[in-house]
Every structure is written in C-alpha cells, then in structure tokens.
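First up is the structure itself, then whatever we jot down about it.
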Amino acid sequence: MASPVRSRLSLAMERTGKWVFSKDIPTDVVVVVCEASFSLHKFMLLAKSNYIRKLILESKEPELARINLSGIPGGPEIFEKAAKFCYGVNFEITVHNVAALRCAAEYLQMTDMYCDNNLAGRTEDFFAQVALSSLSGAIIVLKSCEDLLPLAEDVKIVQRCVDVISLKACNEANFPSRTPPYWWTEELSILDIEFIGRILSGMRKRGAKALTLASALVTFTERNLRDLVRDHSGRCAKSSIPDDYGMYARERELLQSIVSLLPSEKAALPINFLCSLLRTAIFVKASNSCKNELEKRISVILEHVTVDDLLVMSFTYDGEKLFDLDSIRRIISGFMEKEKNMAVFSGGDFKETCSAAMHRVAKTVDSYLGEIATYPELTISKFSGIATLVRKGARKVDDALYRAIDIYLKAHPNLDEIEREKVCSVMDPLKLSYEARLHASQNKRLPVQIVLHTLYYDQLKLRSGADDQPDAAATRSQLQSDVSLVSENEALRSELTKMKLYISDMQKDKRSSGKSISAAAAATSGPRKHTFFSSMSKTLWKLNPFKHGSRDTSHIDDNIAVDITKPRRRRFSVS
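Just so you know, we're using the working numbering here: the sequence shown kicks off at 4 and counts up by one.
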C-alpha cells in the first residue's frame, strides 16, 4: 500500500504532466523537489523566477538539465503551484497555502521587482485583502507559518498575523460577535505556544483584562495537555510518576512555557486549574521555579481551595500513591506567612486574631488530613507537620482534626504509646465537642493522657454545674490555674527540702566545730573550778521569777497552783 505522501506526489506529477506535455515544445530541465521530479521548460521558469535564472547562468554546465530545489518552503505541492503560475495555469490561493506561496515566491525571487504581477504580489494581495480580514483566517495563516520559519518571519507574515489576531481577539472579548463569547479561545488553541505568548502580549498592550488572557491560556492548556490536566479528579490513564526524565519532555517544556505566561492577577485563574497544573508539574518533573510559581499562586488564594483540589495535588493519576507532600506544606506555610504579614500591616496581633480565611483553611486542612490518613506512606512527621502548620487558634473546634487522628491511629495499629502521643499532640482535647469528648473517652486507640484530659474536662463541667456546652476558654483557665497551684506547691516543697538540708548541714558543721573547740579548751585549761561569784550567780538565777518566760503574773493569786512549765513549741509546716 502506497503511503499518503507518495500518492499525493504521484498525483501532483500526473497533473503536472497533463498541463506540461500538452505543449508542443519538449521539456529541457528536470526540477527535483525532495522525492518528486518535475519535467519543465527553462524559458517558462526564467520568465518568472530570478533565482532559477541565476542558477542557470552561474552553472558550469553548458546545458543545465537538472535543478534541485528541495529547500523550497512548502515542498513539492507548493512548487507545483509556483510552476503553474509560471505557465499561466490557474490555481486556487487559500488561507491554508497563502503563507507557503508567499515564502516560495520569496525563495524563488518571483517578486514584482523582477516581473510585474508576479507570484509575490498576487499572494500579498490575497493575504492583505482576504486572509487578514477575519480572525479565523489570520489564525489559520499563522498556524501554517509554524513550518515556514524563519522565512515567514523575514517576510513579516508572522508579525502581521499576530497584530491582527491580538486586535480582533480584544474586540471579540469586549464585543462578542457569536456565541459562546469565548469561541475564539478554541481557535487560538491550535497555535504554537510561542505564537500564543506573542498574541497574549499584544492583547495585554491593548488593554485586555486578565480574565480574558486567563481564559485563552486555560483553553490552550486543556487542549494541548489534555491527558494530564483535563481530569481534575486525579483519575487519569497515567499510572505513576515516570522514572525516565526524558519521558514527557515535550509536555514538560510546554507546561513551563504556560506557567511563564500566567497573568499576575491572583484571581484571574480558577483554583482547580492551578492545582491541576501543579499536579502535572510534579508528574512530569518540571523545574523548581515552575513548581514554586504555582505553589505561590495557590497559597495566595488558599481559602478558596477545596479538599478535592488538595487531593488532586497529592495523589498520582491512578489514585494509588501519594506524591511528595512538600508542595502542600509549602503552600500552607505561604498562606500562613501571608496572613501574618497582613495582621502586622493592619496593626493586629497574629497570635490573637484569626481571619475568616484562616478559619476556612483550617477546616480544609483538617478534612484533607482525614482523607490521606489511611495511606501507609504517610509518616507521623508528615502528618503532624501538616497539622501544626495551622496554628491552634484558627480552629474553633478540633472535631475534624480528632477525626483525622482517629483514622490515622486506626490505619497504623502498630504505633506504641509514645508515637500515639506524638500524633495526638497536635490536638487540643479541651476544644472537642461533647460528642467528640464522649467518643474520645471510650476510644481505646488514644493514649491514656488524652483520655484523662477529656475526663477531667467533664469533671470540671459537672463540678461547676455548667450546661452541656461549657465555655472551653473558662475551663482551660481553670485547668491552667489548678496546674499552676500544683506547680507552686511542688516548688515550695522543693525549696523547703533544700532549706532543711542546708540547715541540717550547718548544724552538723557547728557541732563538729564546737566539739573540737571544747576539746582544745579542755586540753589547755583543764577542769574548771567553782568560784564564789559563780556559786552566787546560780543561786540568784534559781530565785528569778521570770526564768520561765515573761508572763504577767500580777493577777494570779498566790494560793493558786500555777503551771510554770515551759510552753510547748509548735511546729509550722507547709503542706
């Protein structure tokens, strides 16, 4: 079976033979264009083509019988039409072949400077009057120029098409001529990404809105990366991350070019489209700058992201394996940094105030953790790392986070007590609802410390006589005050113990030093003799009525027996 190219060439040569061999003069030159050969007459070609005339005049052969024109733009089909023009045979110029004919005319030097009403002039007239008169025609011409570079650039066909398309696309975006309004984005999507970039740049200079530019890029991406971004659910024919970097090389370069053309306005692009682009960037192993740009754009509008959007970025296309979650962490960190900067700029305290956007992000992240908690490759550090990125003040209740923790503990039954405590450390038990506390108090998967916290909460509620939904802040304050009292008592006990030990040590040192002094004095002075004055002082001391204390005894009757024993010393202790 003959190939389509060979069949077209044979038909072209057959048609050429009909209008050439109808002449009475035999052919004297064979023109070779790639695999096709055309038997023609020199004088007919010389009359229109200055290039062929130069070849014949500059040839060293006296009778040049074979000319190779394989470099002509458009190949054999376009040369056949150019030869027909030399012979005066009519043919149709269309938007599909006008660019190739114009480039072929330039290549063969079939210009009006060489001959009046030459092929270059004929194609220029059609190009200006017909092809550029409509948006669709200009797009088709520009599409045909992709195989005619750089000659199409030299003859200004590309730039003229870009200018016309930019102008007419802006007009269509502002004043649609048909429905749907963005029909022109579908037609633009057939072009090369380089041409798309030049057209969008021209539209931007003409004042096109960011949404208009974004719609053109979204349509182009979904058409040219259809297998990678068209399915936002994460269920695509692609199975896993490619092992070979060379795989999807075209898709990788195309994606990086698309990301570089994204408008800077944060609300211009749909959030699910950005998430799909990031998932594709991870899959095709795009450059870090490409992924960082997408992560930055998503973090700016993270409050509009749904759980499904986060799951799209997290799983492979078959939904069986988790991607590296570093992108998710960077996105959440970028959002928190943005919220912090906004709080500082507005004069508020980031630790005390939480915006509505942060509350929405907290709910989304907790639900997202519940969805990915069952996967075995999700380690404790990754789970807790994502959970702690959202500060605890952003969660009004921790029920969704408790659900994610419970799912994780159920999916990882081999964790020990310390590991389970590390997983549960990201949750505040005092911020659980009554139903969640009731479930947690009976949950055998939770560590004992968390269960005790929930039970203590309920005990405080019963002791205070509060309703079924007590104030978590007041309870936390009560718990903190109790804990502070316990810690103060422990500190006092510790100080008292230290003081007792210090005094005991001093007494021991004093006794040892007193004994040494007494021994030395006894050794030097010998036994002490009682003198008259010492005996008299002892006698007077026995007669002293105040030797047992400074009590006022004026009101006591002498005949009443009084207990003059030494009062008992009381000890004061701190418990």
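C-beta: ideal position from N, C-alpha, C; glycine also.
Exposure label - residue i; buried when at least 16 CB within 10 Å
{"i": "N93", "result": "exposed"}
{"i": "K511", "result": "exposed"}
{"i": "T500", "result": "exposed"}
{"i": "D312", "result": "buried"}
{"i": "I28", "result": "exposed"}
{"i": "V315", "result": "buried"}
{"i": "F88", "result": "buried"}
{"i": "R209", "result": "exposed"}
{"i": "S302", "result": "buried"}
{"i": "S557", "result": "Unreliable placement is indicated for S557, whose pLDDT of 45 sits below 50; the coordinate value is still reported in the next sentence. S557 comes out exposed."}
{"i": "Y411", "result": "buried"}
{"i": "V33", "result": "exposed"}
{"i": "R253", "result": "exposed"}
{"i": "Y505", "result": "exposed"}
{"i": "M430", "result": "buried"}
{"i": "Q135", "result": "Sequence inspection shows Leu at residue 135; the Gln mentioned does not correspond to that position. The residue is buried, with at least 16 neighbouring Cβ atoms inside 10 Å."}
{"i": "K227", "result": "In the sequence as displayed, the identity of residue 227 is Asn instead of Lys. By the 10 Å Cβ count, N227 comes out buried."}
{"i": "K159", "result": "exposed"}
{"i": "T182", "result": "exposed"}
{"i": "S267", "result": "exposed"}
Per-residue DSSP class, three states only, for residue i
{"i": "R69", "result": "strand"}
{"i": "A141", "result": "helix"}
{"i": "L325", "result": "strand"}
{"i": "V426", "result": "helix"}
{"i": "A107", "result": "helix"}
{"i": "S260", "result": "helix"}
{"i": "L152", "result": "coil"}
{"i": "S302", "result": "helix"}
{"i": "L43", "result": "strand"}
{"i": "V92", "result": "coil"}
{"i": "F178", "result": "coil"}
{"i": "V454", "result": "helix"}
{"i": "V167", "result": "helix"}
{"i": "V315", "result": "helix"}
{"i": "V35", "result": "strand"}
{"i": "H415", "result": "coil"}
{"i": "P432", "result": "helix"}
Alpha-carbon spacing of residue i relative to residue j, whole angstroms
{"i": "E225", "j": "L280", "result": "10 Å"}
{"i": "G529", "j": "S516", "result": "In this prediction, G529 scores a pLDDT of 49, lower than 50, which makes its location untrustworthy; no coordinate-derived value is stated."}
{"i": "P379", "j": "K447", "result": "21 Å"}
{"i": "Q162", "j": "F198", "result": "10 Å"}
{"i": "M502", "j": "L495", "result": "10 Å"}
{"i": "S218", "j": "L272", "result": "8 Å"}
{"i": "K288", "j": "I81", "result": "41 Å"}
{"i": "A270", "j": "L151", "result": "38 Å"}
{"i": "E422", "j": "D402", "result": "21 Å"}
{"i": "A365", "j": "C357", "result": "11 Å"}
{"i": "E189", "j": "D195", "result": "13 Å"}
{"i": "L191", "j": "C427", "result": "53 Å"}
{"i": "D128", "j": "C164", "result": "15 Å"}
{"i": "L325", "j": "L297", "result": "19 Å"}
{"i": "L458", "j": "V400", "result": "17 Å"}
{"i": "G200", "j": "L264", "result": "7 Å"}
{"i": "S336", "j": "H362", "result": "15 Å"}
{"i": "L214", "j": "M250", "result": "33 Å"}
{"i": "S497", "j": "D508", "result": "17 Å"}
{"i": "H442", "j": "I389", "result": "24 Å"}
{"i": "E256", "j": "S147", "result": "22 Å"}
{"i": "H456", "j": "P432", "result": "6 Å"}
{"i": "H99", "j": "N344", "result": "55 Å"}
{"i": "C584", "j": "A50", "result": "A question about residue 584 goes unanswered here, because the residues of the chain that appear run from 4 up to 578."}
{"i": "G237", "j": "T377", "result": "For G237, the pLDDT reaches just 43, beneath the cut-off of 50, and the residue's location in the model is therefore unreliable, although a value from the coordinates is still provided. Whole-angstrom Cα-Cα distance: 17 Å."}
{"i": "N71", "j": "I96", "result": "25 Å"}
{"i": "T222", "j": "C106", "result": "31 Å"}
{"i": "R394", "j": "D329", "result": "18 Å"}
{"i": "D419", "j": "V308", "result": "35 Å"}
{"i": "R332", "j": "F286", "result": "18 Å"}
{"i": "Q445", "j": "V454", "result": "8 Å"}
{"i": "T367", "j": "R300", "result": "18 Å"}
Quiz item: Can you find at least 3 beta carbon pairs, one from the segment 168-187 and one from the segment 109-122, that sit closer than 8 Å?
Solution: no
task = Please determine if the segment 102-113 and the segment 28-41 are in contact, where contact requires at least 3 C-beta pairs separated by less than 8 Å.
result = no
Tell me whether the segment 405-416 and the segment 366-374 touch, counting them as touching only if at least three CB pairs, one residue from each stretch, are closer than 8 Å. As far as the Cβ criterion goes, the segment 405-416 touches the segment 366-374, which means the pair count is three or higher.
* Any alpha helix (DSSP H) of 4 or more consecutive residues that is wholly inside the segment 327-388 -> Here the runs fully enclosed are 329-348 and 359-375.
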